[in-house]
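J.: 12 is the number of the first residue of the sequence shown in our numbering; add one for each residue after it.
Beta carbons: idealized from backbone N, C-alpha and C, even for Gly.
Since this is a predicted model, take the numbers as computed values, not measurements.
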Amino acid sequence: MKAINPANGELIKEYRRHTPDDVFSIIKKVDHAFLQWRKTSFNDRARLMTKAAEVLRKNSNEYARLMSLEMGKTIKESRAEIDKCAWVCDYYAENAERFLADKIVETDASKSFICFEPLGVALAVMPWNFPFWQVFRFAAPGLMAGNVGLLKHASNVPGCALAIEEIFKEAEFPEDVFRSLLILSSEVETVIRNPLVKAVTLTGSEPAGRSVASIAGDEIKKTVLELGGSDPFIVLDDADLDFCADTAVQARMINTGQSCIAAKRFIVVESRLQEFEQRVTQRMQSLKIGDPLDEKTQVGPLARNDLVDDLDEQIKKSVQMGAKLLIGGKRVQGPGAYFEPTVLSNVKKGIPVYQEETFGPVLAIIPVKDEQEAVDTANDSEFGLGGSLWSQDVLKAEKLARKIETGAVFINGMVKSDPRLPFGGIKKSGYGRELSDYGIREFVNIKSVWIA
Ligand code: NAP
Numbered sequence: 012m013k014a015i016n017p018a019n020g021e022l023i024k025e026y027r028r029h030t031p032d033d034v035f036s037i038i039k040k041v042d043h044a045f046l047q048w049r050k051t052s053f054n055d056r057a058r059l060m061t062k063a064a065e066v067l068r069k070n071s072n073e074y075a076r077l078m079s080l081e082m083g084k085t086i087k088e089s090r091a092e093i094d095k096c097a098w099v100c101d102y103y104a105e106n107a108e109r110f111l112a113d114k115i116v117e118t119d120a121s122k123s124f125i126c127f128e129p130l131g132v133a134l135a136v137m138p139w140n141f142p143f144w145q146v147f148r149f150a151a152p153g154l155m156a157g158n159v160g161l162l163k164h165a166s167n168v169p170g171c172a173l174a175i176e177e178i179f180k181e182a183e184f185p186e187d188v189f190r191s192l193l194i195l196s197s198e199v200e201t202v203i204r205n206p207l208v209k210a211v212t213l214t215g216s217e218p219a220g221r222s223v224a225s226i227a228g229d230e231i232k233k234t235v236l237e238l239g240g241s242d243p244f245i246v247l248d249d250a251d252l253d254f255c256a257d258t259a260v261q262a263r264m265i266n267t268g269q270s271c272i273a274a275k276r277f278i279v280v281e282s283r284l285q286e287f288e289q290r291v292t293q294r295m296q297s298l299k300i301g302d303p304l305d306e307k308t309q310v311g312p313l314a315r316n317d318l319v320d321d322l323d324e325q326i327k328k329s330v331q332m333g334a335k336l337l338i339g340g341k342r343v344q345g346p347g348a349y350f351e352p353t354v355l356s357n358v359k360k361g362i363p364v365y366q367e368e369t370f371g372p373v374l375a376i377i378p379v380k381d382e383q384e385a386v387d388t389a390n391d392s393e394f395g396l397g398g399s400l401w402s403q404d405v406l407k408a409e410k411l412a413r414k415i416e417t418g419a420v421f422i423n424g425m426v427k428s429d430p431r432l433p434f435g436g437i438k439k440s441g442y443g444r445e446l447s448d449y450g451i452r453e454f455v456n457i458k459s460v461w462i463a
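1. Could you tell me the distance, in whole angstroms, from the CA atom of E81 to the CA atom of G301?
2. Could you say which of V246, I437, G153 lies nearest to G131 if we only look at CA atoms?
3. Is any heavy atom of ligand 1 found at a distance shorter than 7 Å from the C-beta of T308?
4. Measure how close the beta-carbons of F53 and E108 come, nearest whole angstrom, since I'm counting them as under 8 Å.
5. Tell me whether the beta-carbon of T267 lies closer than 8 Å to the beta-carbon of V310.
6. Buried or exposed: S191, going by 16 or more other Cβ atoms within 10 Å of its Cβ?
7. With C-beta atoms as the reference, is A273 less than 8 Å away from D317?
8. Which residue from F254, K299, G83, C96 puts its Cα closest to that of Q269?
9. Please report the straight-line C-alpha distance between T234 and I226, rounded to a whole angstrom.
10. What does a CB cutoff of less than 7 Å around N16 pick up in its chain, not counting 5 residues either side in sequence?
11. Kindly indicate which residue of D381, A375, E25 has the alpha-carbon position closest to the one of F244.
12. Cα-Cα, which of V405, R90, L304, K327 is closest to N423?
13. Which runs of the alpha helix (DSSP H) fall wholly inside the stretch 126-186 and span at least 4 residues, in chain order?
14. Give a single yes or no on whether A219 has its beta carbon closer than 7 Å to a heavy atom of ligand 1.
15. Can you find the residues in the same chain that come closer than 7 Å, C-beta to C-beta, to E217, ignoring five residues on each side of it along the sequence?
16. Tell me whether K407 sits in a helix, a strand or coil according to DSSP, three-state version.
17. Can you give the Cα-Cα distance for G436 and R56, rounded to whole angstroms?
18. Using a Cβ-based criterion (distance less than 7 Å to any ligand heavy atom), does M264 qualify as near ligand 1?
19. Based on the DSSP output, what are the partners of D242 in its beta bridges?
20. With 16 as the cutoff for other CB atoms within 10 Å, does G395 come out buried or exposed?
21. Would you say the beta carbon of Q366 is closer than 7 Å to some non-hydrogen atom of ligand 1?
22. Going by the DSSP bridge assignment, what does V358 pair with across the sheet?
23. Pop quiz: V330 and L336 are said to be a contact at Cβ under 8 Å. What is the actual Cβ separation, rounded to whole angstroms?
24. Since Y74 and L236 should fall inside the 8 Å C-beta cutoff, what is the C-beta to C-beta distance between them, to a whole number of angstroms?
25. Report yes if the CB atom of R294 is closer than 8 Å to the CB atom of D257, and no otherwise.
26. For G340, which residues in the same chain have their Cβ closer than 6 Å to its Cβ, ignoring the five residues on either side in sequence?
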């Protein structure tokens with residue numbers, strides 16, 4: 012398994028893949044660890060999870076550098092990601108017991124209550140775009156609930172996968188409570204079908220989600236799917252355009268545009284179109300592209316060269332089909348996986364950047380005549396992850412937010428994940444929720460106890 016630096020195409024390190032025997036043995040060990048782990052108190056788990064947060068903070072620079080090297084995230088974003096992982100560990104250390112406390116329910120029984128019990132081995136199939144965050148938002152609630160974790164990380168971030176396993180060791184979690192498997196996606200099926208694996212969560216693309224969910228479905232195992240998105244960013248006629256344009260660029264360019272909740276379709280009412288185009292174009296042009304390890308870099312490379320090819324294809328086709336290229340539009344020549352910050356306008360239904368998810372620095376503007384068309388266009392997508400709405404009339408915006416078919420709507424702000432709020436999508440963006448009290452209850456047995 013090779014880790015390649017996307018900033019220059021050079022090999023960072025080659026890792027030995029786990030053999031089928033290794034995989035079998037690791038699953039057995041993790042399941043064995045569950046027998047003791049499930050009996051630990053919330054206090055003990057919280058103490059260790061708080062320690063994991065400390066380890067993250069202590070070694071933040073080392074982990075941030077590893078992420079930036081393996082997948083090209085700017086070093087500032089990498090450090091912020093480590094901070095956020097520490098936050099989610101602290102959050103569940105503080106709140107898991109409350110979220111999973113027995114709940115008394117009045118019925119015809121002398122006493123009836125609901126309790127929440129761990130399921131056992133949970134498999135997480137994770138993507139490279141937030142190599143630490145995606146894993147911690149699964150692992151922190153999962154381990155606090157008493158489950159044990161198996162990680163199959165994306166093949167281009169093996170160093171991150173092993174570093175995360177080490178964090179739990181360094182925090183003195185019992186052996187094998189959390190393990191990483193260095194395997195290919197084609198080997199995931201055997202893991203899901205292993206009877207010791209009780210649940211599967213996947214964050215990634217729609218085809219991967221479909222495959223994993225159908226195998227898990229065949230085995231009658233619970234799944235959570237966090238898939239792609241094509242979030243609308245709706246600009247109404249009374250939006251504060253200065254702040255809105257700043258946020259538009261930030262919301263599109265986070266992680267060089269490779270975020271599931273990045274704003275991807277900018278739906279702008281015609282009365283503000285010209286102003287919006289000017290402002291975002293100017294801001295996109297001023298971004299500094301470069302080495303992700305350089306503190307001043309604002310836009311790094313994409314995570315792999317094949318992703319640049321895919322994006323290039325989407326942009327070429329979109330322009331051929333009538334989208335107006337305002338800036339950018341092609342790969343940056345050289346060995347790195349760089350793509351120019353790009354703005355497209357006049358985007359219409361049927362054009363790839365309208366229909367498909369774009370995973371890169373491409374801001375697509377869809378002009379609409381009014382609010383109603385803006386909402387209809389926002390909902391005209393097979394995805395339903397997040398969305399944001401820009402208007403100074405907050406009451407009106409709140410009413411419109413309820414009409415938008417996504418797992419989250421942010422008014423006058425950028426869509427972001429927050430441990431305190433549930434995160435997830437509808438439609439082809441997946442199902443189930445992570446984070447908050449909803450997330451921790453996905454992989455537990457919600458058990459009713461009734462006493463005569
Ligand atoms: P991906 O190709 O689907 O890979 C994600 C993970 O799934 C990797 O570990 C990958 O392993 C594995 N995988 C791929 N195909 C598989 C299959 N058929 N069976 C089992 N496992 C399989 O996605 P990506 O390109 O890494 O990530 C980008 C996508 O993730 C985007 O669509 C993005 O929107 C979505 N995403 C969603 C969220 C969310 O929370 N909703 C968050 C982040 C990203 P290999 O690397 O070995 O192929």
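T.: Here's the rundown:
1. Near 15 Å, if we compare the C-alpha coordinates of G301 and E81.
2. Measuring from the Cα of G131, the nearest candidate turns out to be G153.
3. False, no ligand heavy atom lies under 7 Å from that Cβ.
4. Cβ atoms of F53 and E108 come within 8 Å of each other, at about 4 Å.
5. In this structure, T267 lies near V310, with their beta-carbon atoms less than 8 Å apart.
6. With 16 or more other Cβ atoms within 10 Å, it is buried.
7. Judged by their CB atoms, A273 and D317 are not nearer to each other than the 8 Å cut-off.
8. Among F254, K299, G83, C96, the Cα nearest to that of Q269 belongs to G83.
9. Straight-line measurement puts the Cα of I226 at about 10 Å from the Cα of T234.
10. I23, L80, listed in sequence order.
11. Of D381, A375, E25, the residue nearest in Cα terms is A375.
12. The shortest Cα separation from N423 among V405, R90, L304, K327 belongs to V405.
13. DSSP runs (the alpha helix (DSSP H)) wholly in the stretch 126-186: 144-155, 169-181.
14. Yes, the Cβ of A219 comes within 7 Å of a heavy atom of ligand 1.
15. So the qualifying residues of the chain are L238, G239, K439.
16. Helix.
17. Roughly 29 Å separates the two Cα atoms.
18. M264: no, Cβ never under 7 Å from ligand 1.
19. Looking at the DSSP assignment, D242 forms a beta bridge with A274.
20. Counting C-beta atoms within 10 angstroms of its own C-beta, G395 has 16 or more neighbours from the protein chains shown and is therefore classed as buried.
21. At a threshold of 7 Å, Q366 does not count as near ligand 1, since its beta carbon sits no closer than that to any of the ligand's heavy atoms.
22. Note: V358 sits in no beta bridge, so no partner.
23. Their Cβ separation, rounded to whole angstroms, is 5 Å, which keeps V330 and L336 in contact under 8 Å.
24. About 27 Å separates the two Cβ atoms, so there is no contact after all.
25. Yes.
26. The residues are I326, T353.
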